[in-house]
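Chains as they are written, first to last, in this note's numbering: chain A, 494 to 739; chain B, 178 to 645; chain C, 259 to 501.
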Amino acid sequence: MAAPVRAALMITCLGDMFFPEVGVAMVRLLRGLGVEVQFPEGQTCCGMPLFNSGYHHDAALVAARTVRLFERAEHVVVPSGSCAWMVKTEYPGLLKHDPALRAAAESLARRTRELSQFLVEVLGVSRVDSPFEGKVTYHDSCHLLRGLGESASPRALLRGVPGVELVELPGADQCCGFGGSFSVRLPEVSSAILDRKLANVEATGARCLVACDAGCLMQMGGGLTRRGSAVKAVHLAEVLAGEVSR
Amino acid sequence: MSEGLLQTPFPERAGAALKDTFLQEALTIATTKFIDLRKESFAGFPAGEALRDRARAIKEATLQHLDVHLERLADNVERLGGTVHWAATGEEAREIVLRLARDRGVRMAVKSKSMATEEIDLNEALEHAGITPVETDLGEYIIQLAHEKPSHIIAPAIHKTKGQVAELFSRELGGRFEADPEVLTAVARRVLREKFLQADLGITGANFAVADTGTVVLVTNEGNGRMVTSLPRIHVALMGIEKVIPSMSDLVVFLAILARSATGQKLSSYTTLVRGPRRAGELEGPEEFHLILLDNGRARQIASTLREALYCLRCGACLNVCPVYRQIGGHAYGYTYPGPIGILLTAMLKGNESVRELAHASSLCGACKDVCPVRIDIPRMLVELREHLDREKIASWTERMVFRVFRRLLLSPAAFRFSARAGRWLQRPFVRAGRLRGLPLVFGNWTRTRDLPPVAARTFREQWKELR
Amino acid sequence: MAARAEFLERIRREVAKTPGLFGASPAPRPAAPAAAAEAIRRELAERWPEALERFRQEFERVAGVFHRAPDLDAVPEVIGSIARERGVRSLVTWDPAVLGFDAAPRLAALGCSVVAARAGAEDEASRLRHRADAAGAQLGVTGADFVLAETGTLILLSGTGRPRSTSLLPDVHVAVFGRDRLLESLEQVGVMLEDLHVDPDRTMSGAMITFITGPSRTADIELTLTRGVHGPKEVHAVFVEVP
């Protein structure tokens, strides 16, 4: 019998504070698949908000902390495409002036995956026995799609749930308008972009909108509830763990 | 660019564009059409991806020896009997054109579409000097009559309805024309044909200039590029220094992907290769050919973080996919070049201060980089621009303070945990039916149009104790 | 020249500051363009039927009208029928010596006037007269120096006896070509252009090369496609079977 896969969870700042249920769903899901889940407790955030607004020195400090925290993890799993992207593509560059940290960042980059990538690439999952039933549609988060080149795994996993009917979202690859601080610097533009996205979502007739990024879920979920929509924005982990209520 | 427009802050300009229902519809239709045309064109073109890589490499290689290629280009143009002018600034370029026009007794000049001439405000300068510039690209002609600026790099009048164009033509040209694109095109054909035949001077830009042969290349669809370079007795081409390429072998690589990226065509209707003034045995063609090489802030970027922006082919593909451009259109950006590449070009030409707001007019989604024929990494350069704005302290003091506090929280787990507890306490007055609404300050920017989930009653790390 | 030296020096200084973003080279060039061009001609001498069929498809895709003529003598008849159908009364053509046929007799019999560009008449008066003729003509007849199958494109060199306006000012443009003009790809066009420019004074008598892919067009008004903005509204290509 092979040694169990050990994975450290990088919960992300938004996940920890606003979507802990996603973290809980992930833990249940991963344990159900035989993964030993760890949680390095000093973690806070990947630093992307600092990085995107141009505060690179500060982002490098956060990166250095994170790299050390996850040094001993065999695998690192992230419920967010943008945070996984940050760690995998930007950390080595941010830490390039310190050879030891840079090497550690490159190692972390190799060991880090967004959730759907971890499930498919490391665990070889194609079918999940989730009790979830219903029509869903999937939104491609920009950093997962373009930053990490991932659009197939989330869809494959959704189709692998027996009760799921996956309807393709028109303009799935179009931005939801979150963009981090963009959402509050240019709120009207951000909301106009969101409206376009939600019109497409509602046209699918899906009962759930699935995404792999907390930022997108905050933006789209916030828009859906504000307009009193029957569509619920959920994270992939919640569908796979069968933890979507209603 | 109209300075009056720039006095309103960018968020207001964007807001006005969002309320313009015709503009919103026009933008959706036009950008969707361009996106589909481009996608279809590349879907049927498997060689396209490798050609994009090659095109990018050619641009990079050319920059690595830019002075050598420009010198070669100039020598060849002069050997063909053309004259080369060296304009370090937009003002110098304007002076060169004005001096030339005055010396040669030019009264009317016909222009083929050129963003470079917009960049240096050439038309205004010509008009002040008593010389009439006539735009002949249909979209440019329309906005010239309307006294407006272009709102898209390749479809300048995208923001106008056919009704508006009919009204405009009727008013400015005398007559009553139907709001039918065929009818209006025929009117423009007739009116501008006369101008082509009478003009003393033809002004163009240049999509490329081949150093090895001294050839200036124009990529057009209407035929005005051909008219302007064959009928008037003088041809002046204004060209940014980054447009030079080494050889004809390089040219065909770009031709293979440029029109596809811009409009989904395999090739545009006309590609015109101009080698100097007319030759001895030709019945037609200009007596004089002038090439003005324009720096205007470009050289300074060769060793800067904006270097890659010099690869730009001005195809407009990034505008069409940009979620921000698609919502607000070109005018709201406030400068000659709009959209994702426009922000970088504006920083290049006018300095970082000019984009203190525009640098944030992006959700960093990366769609632009995806479609750029030469794979310019626009999001990376936007983030770097933001970094410069921070370093040069161009960002506001409040913003910098907010991010300083934010950094403290992220570097200390204890502070982070505390902020969750503080958030739970502070948010209490604003929780309605499990959602946050009506938040104050900058958070109100969110809750005006969207709900926010409240800080969870128990964060994940607080629940981990039971989960482990 | 102070401006030139200073200008280039500034660029040189900037270029010297950085190795660039990545190792890169321009496109490879044929070491022996003449030989490479000849090799292409030999290949096309075998493959011309496929290239012609591909050209016809692409040409029609961009709204070109394709015709065949059994030989050069039959070409004026084809032009005549186009002229009749379009109600054309006056034509301009390239020099018959360049075209390989004289359309004037046949078209005159149909009641059309034909003005052919003649080499050796490049004084100011001739220029003005030619411009007036071209501006007043409804149909222009040219040859084609290269015909590109990949994109349905006609490539014309300007020069003595081959004015630019013939394919530009009239409403209808007719280009006549034989199998020896066919090329398959843009890449081959690149080789031909390299070859032409090795000794351009010998190979080209004019200063302009024009690629024509369908009629003049625009979609500047509400993205509605219209043809014949400034250039021709129609483009015809006549393939001559027997060279």
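The beta carbon of each residue, even a glycine, is placed where N, CA and C say it ideally should be.
Within chain B, partners of residue i - CB distance below 7 angstroms
{"i": "ALA685(A)", "result": "LEU195 and GLN504"}
{"i": "GLU480(C)", "result": "THR338, LYS339 and PRO358"}
{"i": "HIS756(A)", "result": "Outside the shown range of chain A (494 to 739) lies residue 756(A), about which nothing can therefore be said."}
{"i": "PRO334(C)", "result": "Ordered by position in chain B, no residue passes the 7 angstroms Cβ test against PRO334(C), which lies about 23 angstroms from the chain."}
Chain B within 7 angstroms of residue i, Cβ atoms only
{"i": "ARG376(C)", "result": "no"}
{"i": "SER474(C)", "result": "yes"}
{"i": "GLU681(A)", "result": "yes"}
{"i": "ASN693(A)", "result": "no"}
{"i": "GLU442(C)", "result": "no"}
{"i": "MET579(A)", "result": "no"}
{"i": "SER463(C)", "result": "yes"}
{"i": "PHE468(C)", "result": "Reading off the sequence, residue 468(C) comes out as Thr, not Phe. Answer yes: the Cβ-Cβ gap between THR468(C) and chain B drops below 7 angstroms somewhere."}
{"i": "HIS455(C)", "result": "yes"}
Residues bridged to residue i [DSSP beta-bridge criterion]
{"i": "VAL660(A)", "result": "THR630(A)"}
{"i": "VAL368(B)", "result": "DSSP output for VAL368(B) lists no bridge partner at all."}
{"i": "TRP263(B)", "result": "LEU470(B)"}
{"i": "GLY379(B)", "result": "VAL287(B) and HIS412(B)"}
{"i": "SER348(C)", "result": "SER371(C)"}
{"i": "ARG609(B)", "result": "ARG612(B)"}
{"i": "LYS725(A)", "result": "CYS701(A)"}
{"i": "PHE404(C)", "result": "ILE413(C)"}
{"i": "PRO310(B)", "result": "ALA286(B)"}
{"i": "PHE317(C)", "result": "Note: PHE317(C) sits in no beta bridge, so no partner."}
Nearest neighbour of residue i, chosen from the options [CA to CA]
{"i": "ALA293(C)", "options": "SER283(C), GLY436(C) and GLU452(C)", "result": "GLU452(C)"}
{"i": "LEU444(C)", "options": "ASP459(C), ALA290(C), THR471(C) and GLY436(C)", "result": "THR471(C)"}
{"i": "ALA293(B)", "options": "ARG475(B), PRO463(B), PHE346(B) and ALA220(B)", "result": "ARG475(B)"}
{"i": "GLY267(B)", "options": "ASP472(B), PRO188(B) and ALA633(B)", "result": "ASP472(B)"}
{"i": "GLY670(A)", "options": "PRO497(A), ILE686(A) and LYS589(A)", "result": "ILE686(A)"}
{"i": "GLY417(B)", "options": "ASN622(B), THR392(B) and SER291(B)", "result": "SER291(B)"}
{"i": "LEU386(C)", "options": "PRO409(B), LYS570(B), PRO550(B) and CYS499(B)", "result": "PRO409(B)"}
{"i": "PRO457(C)", "options": "ALA634(B), LEU257(B) and THR362(B)", "result": "In the sequence on display, residue 457(C) carries Asp and not Pro. Measuring from the Cα of ASP457(C), the nearest candidate turns out to be LEU257(B)."}
{"i": "LEU554(A)", "options": "SER634(A), ASP591(A), ALA566(A) and VAL724(A)", "result": "ASP591(A)"}
{"i": "GLU695(A)", "options": "GLY673(A), CYS709(A) and GLY721(A)", "result": "GLY721(A)"}
{"i": "THR476(C)", "options": "THR392(B), GLY402(B), VAL394(B) and VAL393(B)", "result": "GLY402(B)"}
{"i": "LEU733(A)", "options": "GLU534(A), ALA598(A), GLU643(A) and VAL657(A)", "result": "VAL657(A)"}
{"i": "LEU507(A)", "options": "LYS725(A), MET711(A) and ALA577(A)", "result": "MET711(A)"}
{"i": "VAL532(B)", "options": "GLY543(B), GLU312(B), VAL560(B) and LEU395(B)", "result": "VAL560(B)"}
{"i": "LEU628(A)", "options": "GLU661(A), GLY640(A) and VAL618(A)", "result": "At residue 628(A) the sequence reads Lys, which differs from the Leu that was named. Cα-wise, what sits closest to LYS628(A) is GLU661(A)."}
{"i": "ARG689(A)", "options": "GLU237(B), VAL632(B), PHE431(B) and ARG503(B)", "result": "ARG503(B)"}
{"i": "ALA596(A)", "options": "ARG606(A), ARG604(A), PRO585(A) and TYR548(A)", "result": "PRO585(A)"}
Rounded Cβ spacing between residue i and residue j (contact assumed at less than 8 angstroms)
{"i": "LEU195(B)", "j": "VAL682(A)", "result": "7 angstroms"}
{"i": "LEU435(B)", "j": "CYS492(B)", "result": "6 angstroms"}
{"i": "ARG678(A)", "j": "HIS537(B)", "result": "5 angstroms"}
{"i": "HIS388(C)", "j": "HIS431(C)", "result": "With 8 angstroms as the limit, HIS388(C) and HIS431(C) do not qualify as a contact, their Cβ atoms being about 17 angstroms apart."}
{"i": "GLN531(A)", "j": "ARG499(A)", "result": "6 angstroms"}
{"i": "THR513(B)", "j": "THR449(B)", "result": "With a Cβ gap of about 24 angstroms, THR513(B) and THR449(B) do not count as contacting."}
{"i": "PRO515(B)", "j": "GLY507(B)", "result": "4 angstroms"}
Residue i: contacting residues in chain C (beta-carbon distance under 7 angstroms)
{"i": "GLU359(B)", "result": "THR484"}
{"i": "ASN401(B)", "result": "HIS488"}
{"i": "ALA433(B)", "result": "LEU444"}
Where residue i meets chain A, residues with beta-carbon distance less than 7 angstroms
{"i": "VAL619(B)", "result": "VAL677"}
Min CB distance residue i to chain C below 7 angstroms
{"i": "ASN663(B)", "result": "With chain B covering only 178 through 645, there is no way to say anything about residue 663(B)."}
{"i": "THR523(B)", "result": "no"}
{"i": "GLY379(B)", "result": "no"}
9 angstroms Cβ cut-off: residues of chain B touching residue i
{"i": "ARG460(C)", "result": "Chain B residues near ARG460(C): none, gap ~12 angstroms exceeds 9 angstroms."}
{"i": "HIS494(C)", "result": "Within chain B, no residue comes near HIS494(C); the closest Cβ sits about 15 angstroms away, beyond 9 angstroms."}
Cross-chain neighbours of residue i in chain A, by beta carbon under 9 angstroms
{"i": "CYS495(B)", "result": "By Cβ distance, chain A contributes nothing, its closest Cβ being about 13 angstroms from CYS495(B), past 9 angstroms."}
Beta-carbon neighbours of residue i, restricted to chain B and to distances below 8 angstroms
{"i": "LEU543(A)", "result": "PHE580, PHE583, ARG584 and LEU587"}
{"i": "ARG385(C)", "result": "LEU460 and GLU461"}
{"i": "PRO428(C)", "result": "Here the premise fails: no neighbours, minimum Cβ distance about 11 angstroms."}
Short CB-CB distance (under 7 angstroms) between residue i and chain D
{"i": "ASP628(B)", "result": "Among the protein chains in the structure shown, which are A, B and C, there is no chain D."}
Residue i at chain A interface by Cβ criterion, 7 angstroms
{"i": "TRP641(B)", "result": "yes"}
{"i": "TRP623(B)", "result": "yes"}
Chain C contact residues for residue i, given Cβ-Cβ distances below 8 angstroms
{"i": "GLY453(B)", "result": "ALA465"}
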